[in-house]
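To keep things clear, I will list the structure first and then write my remarks on it.
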Amino acid sequence: MSSPVETQPAPLFGFRPLVKQLTEKPPILLGLILAILPLVYLVSYGRASAAGVVFLSSMLLLVITMSGGLKVGLVNAPAFSILMTMSCIVGGRPLAAGALALIVALWASLGTASGRGALVIMGALIMTIQIMTPPQVAHTTSPHAWRNVTAVFAYAVVASAWGILIGVLLRSGRTIPSFPKVTLRWGITQGLMIGVVVAIVAIVATSRHAGQGGAWLLMTTFLVFKPLTPDPWQHSLQRALGTVLGVLIVAIYLHTLPAAAPPMALLIPAALMAVAAALTVLSQRWPYWCFVALWTPAVVLLFTCTSSASKTVATARSVDVLRLEYSLLGIAIALAAEGLFLGINAAFHLEKNTWIGNAARADPGGS
C-alpha cells in the first residue's frame, strides 16, 4: 500500500502570486482606474475645467508612453503641455491660431514618421479643438489671463508625468507592435501640407468666431486630410466614415440619458472609448474607421463633461446638429484638398523618379 503524497497547503489569500502578476503584467483596467481617479476627485469638488486638462494630459501621455516607451513619453510631455498652454494665448487671434495649427500638424507628422510616436496623432486631434475652444481652468474672465495660462501649464505638466508613469507600468510585460518608420523629410513635407490646410481653416474659423463649430471643423479637416499615405482616397473615406459614425454614436448615447445626468455619466464612457481607440491602433488588426468611430465620441463626451455648464447633457444635445454640420463641412474641405493635391501630382507626374512616390507608398503607423 503506497503512502499518501504530501502536498503543500494552498496560500489562504494568494497575495504573493497576485503581486507578482501585477508587477510582471499589470492589467489595463488597473491603469484606466489610476488614470480616472484624479478626475473623479476634480469633478466631485467642482473642478471640471481642470479635470479636462488633467484627463487630456494624463490619458494621452499614457497611450503615447505605452506605445512608444519612456523616452517617447518624456519627449512629448513638454511638447503637449506647451501646445496646450499656447492654445490659451492664441484663442480668438486668427493669425496666431493658424500658426499654432501648423505647428500641431508638424508635431503629429513627425511623431507618425518616427513610428514609435504614432499615437501622438491623438494629442494633435485634441489640440485642433483646443485652438478654437481653449481651456479655462482659473476663475478669470478670459482664457488669455496670465493666471489661467500658468494654471493650464501646471496641470498639464503634472498630469503628463502621471500619464507617463501609468504608461510605463502598463507597458511592462507586454509586446508592443512596432509601427513602420519613414524619413524625416516625409514627416516635414506631410506636416507642412496638412498644416497649410488646417492653418487656413483655423484662420477663417477664428475670424468668424465659429467657436465649437469651428473646433469640429478644424479637427475633422485635420483628421481626414492625409496626402502622403498609400491609397489616399480609401484612407480619407475611412476617416470620413468613422467621423460620421462617431458623431451619430455620441448623439444617440446623449439622447438616451436624462437631462440631469451627472458628469461622471460622460467621463467614464469617454475614458473607456479613448483607451479602446488607442488599443485599435496598437492591435493593428482593425480598419482605421474603427479608431475614428471610437475616438470621436470620446472627445465629444470629454469636452461635454468638463464644460462649465450646469446641465452638461442638455448642453451637449443642443449642439448635436451643429457638430454634424461642421464635421461634414470639414470632410468636404479635406476631400477637396486631397483632390487638389492628387490632381497636381497627376498633372506634373510628381510620383515618377522622386521621393514623393516612395513616400506616398509608405505606411507609417497612425497615418
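Residue numbers for the sequence shown follow the numbering used here, beginning at 448 and rising by one. Just so it is clear, CB atoms sit at the ideal spot from N, CA and C, and this is done for glycine as well.
Going by alpha carbons, who is nearest to residue i out of the options?
{"i": "Pro716", "options": "Leu517, Val697, Leu726 and Thr676", "result": "Val697"}
{"i": "Gly638", "options": "His656, Pro624, Ile611 and Lys673", "result": "Lys673"}
{"i": "Ile483", "options": "Met720, Gly777, Thr727 and Glu785", "result": "Met720"}
{"i": "Leu789", "options": "Cys535, Gly634, Pro677 and Val760", "result": "Pro677"}
{"i": "Trp593", "options": "Ile536, Ile578 and Leu616", "result": "Ile536"}
{"i": "Gly777", "options": "His702, Leu729, Ala657 and Phe502", "result": "Ala657"}
{"i": "Leu692", "options": "Gly493, Val728, Ala725 and Ala745", "result": "Ala745"}
{"i": "Gln731", "options": "Val490, Ser514 and Val519", "result": "Ser514"}
{"i": "Trp633", "options": "Gly562, Ala646, Leu507 and Glu471", "result": "Gly562"}
{"i": "Val510", "options": "Gly564, Lys472, Val487 and Leu486", "result": "Gly564"}
{"i": "Leu675", "options": "Pro734, Glu785, Glu471 and Leu729", "result": "Glu785"}
{"i": "Ala552", "options": "Val768, Val747, Ile635 and Ser683", "result": "Ile635"}
{"i": "Leu749", "options": "Tyr488, Phe502 and Leu521", "result": "Phe502"}
{"i": "Val760", "options": "Ala585, Ala708, Gly610 and Gly661", "result": "Ala708"}
{"i": "Leu782", "options": "Gly660, Leu670, Thr512 and Arg540", "result": "Leu670"}
{"i": "Leu432", "options": "Glu772, Ala712 and Leu612", "result": "Past the edges of the chain, shown from 448 to 814, lies residue 432, and the structure says nothing about it."}
{"i": "Asn595", "options": "Arg686, Gln685, Ala712 and Ser534", "result": "Ser534"}
{"i": "Met506", "options": "Gly478, Arg686 and Thr587", "result": "Gly478"}
{"i": "Trp609", "options": "Lys472, Thr512 and Thr575", "result": "Thr512"}
{"i": "Thr683", "options": "Val522, Thr575 and Pro734", "result": "Reading off the sequence, residue 683 comes out as Ser, not Thr. That would be Pro734, whose Cα lies nearest to the Cα of Ser683."}
{"i": "Met711", "options": "Thr575, Lys472 and Tyr488", "result": "Tyr488"}
{"i": "Leu775", "options": "Ala585, Met574, Gly660 and Leu713", "result": "Gly660"}
{"i": "Ile573", "options": "Leu701, Thr470 and Val747", "result": "Val747"}
So residue i packs on residue j, CB below 8 Å; how close in whole Å?
{"i": "Ala723", "j": "Leu741", "result": "5 Å"}
{"i": "Thr532", "j": "Val599", "result": "5 Å"}
{"i": "Val648", "j": "Ile780", "result": "6 Å"}
{"i": "Leu688", "j": "Trp736", "result": "5 Å"}
{"i": "Ala544", "j": "Ile699", "result": "Contact flag wrong, Cβ pair sits at about 32 Å."}
{"i": "Gly538", "j": "Pro590", "result": "5 Å"}
{"i": "Ala690", "j": "Val739", "result": "Note that residue 690 corresponds to Thr in the displayed sequence, not to Ala. So it is a contact: roughly 6 Å between Cβ atoms."}
Taking all protein chains shown into account, decide if residue i is buried (16 or more other Cβ within 10 angstroms of its Cβ) or exposed.
{"i": "Ile623", "result": "exposed"}
{"i": "Arg463", "result": "exposed"}
{"i": "Gln412", "result": "Because residue 412 is not part of the residues shown, which for the chain are 448 to 814, the question remains open."}
{"i": "Ala652", "result": "buried"}
{"i": "Val466", "result": "exposed"}
{"i": "Pro474", "result": "exposed"}
{"i": "Ala718", "result": "buried"}
{"i": "Leu833", "result": "Here the chain covers residues 448 to 814 and nothing more, so residue 833 does not appear."}
{"i": "Tyr602", "result": "buried"}
{"i": "Arg655", "result": "exposed"}
{"i": "Gly620", "result": "exposed"}
{"i": "Ser607", "result": "buried"}
{"i": "Arg492", "result": "Note on identity: in this sequence residue 492 is Tyr, with Arg being the wrong assignment. So Tyr492 counts as exposed."}
{"i": "Ile480", "result": "exposed"}
{"i": "Leu542", "result": "exposed"}
{"i": "Thr727", "result": "buried"}
{"i": "Val490", "result": "buried"}
{"i": "Ala725", "result": "buried"}
{"i": "Ser646", "result": "Note on identity: in this sequence residue 646 is Ala, with Ser being the wrong assignment. Flag for Ala646 reads buried."}
{"i": "Leu476", "result": "exposed"}
{"i": "Thr751", "result": "buried"}
{"i": "Thr743", "result": "buried"}
{"i": "Asn800", "result": "Residue confidence for Asn800 is low, a pLDDT of 46 falling below 50, so the modelled location carries little weight; the figure read from the coordinates is stated next. Classification for Asn800: exposed."}
{"i": "Thr588", "result": "exposed"}
{"i": "Thr470", "result": "exposed"}
{"i": "Leu701", "result": "buried"}
{"i": "Leu517", "result": "exposed"}
Discussion item. Tell me whether the stretch 491-498 and the stretch 549-564 touch, counting them as touching only if at least three CB pairs, one residue from each stretch, are closer than 8 Å.
Written reply: no
Worksheet item: Counting pairs of beta carbons, one from the stretch 540-555 and one from the stretch 638-649, are three or more of them closer than 8 Å?
Response: yes
Fill in: 4-residue-minimum alpha helix (DSSP H) runs that sit fully inside the stretch 692-751, ordered along the chain
711-730
Fill in: Cβ contact check for the stretch 558-578 and the stretch 610-619: 3 or more pairs under 8 Å
no
Worksheet item: Pairing CB atoms from the stretch 516-529 with CB atoms from the stretch 624-635, are three or more of them under 8 Å?
Response: no
Item to complete: Inspect the CB distances between the stretch 657-671 and the stretch 569-583 and report whether three or more fall short of 8 Å.
Response: yes
Worksheet item: Counting only runs that start and end within the stretch 460-495, where is the alpha helix (DSSP H) found for 4 or more residues in a row?
Response: 462-471 and 475-491
Worksheet item: Which whole runs of the alpha helix (DSSP H) in the stretch 623-661 are 4 residues long or more, in chain order?
Response: 631-654
Discussion item. Please give me, in chain order, every unbroken run of the alpha helix (DSSP H) with length at least 4 that falls completely inside the stretch 504-588.
Written reply: 517-537, 541-561 and 567-579
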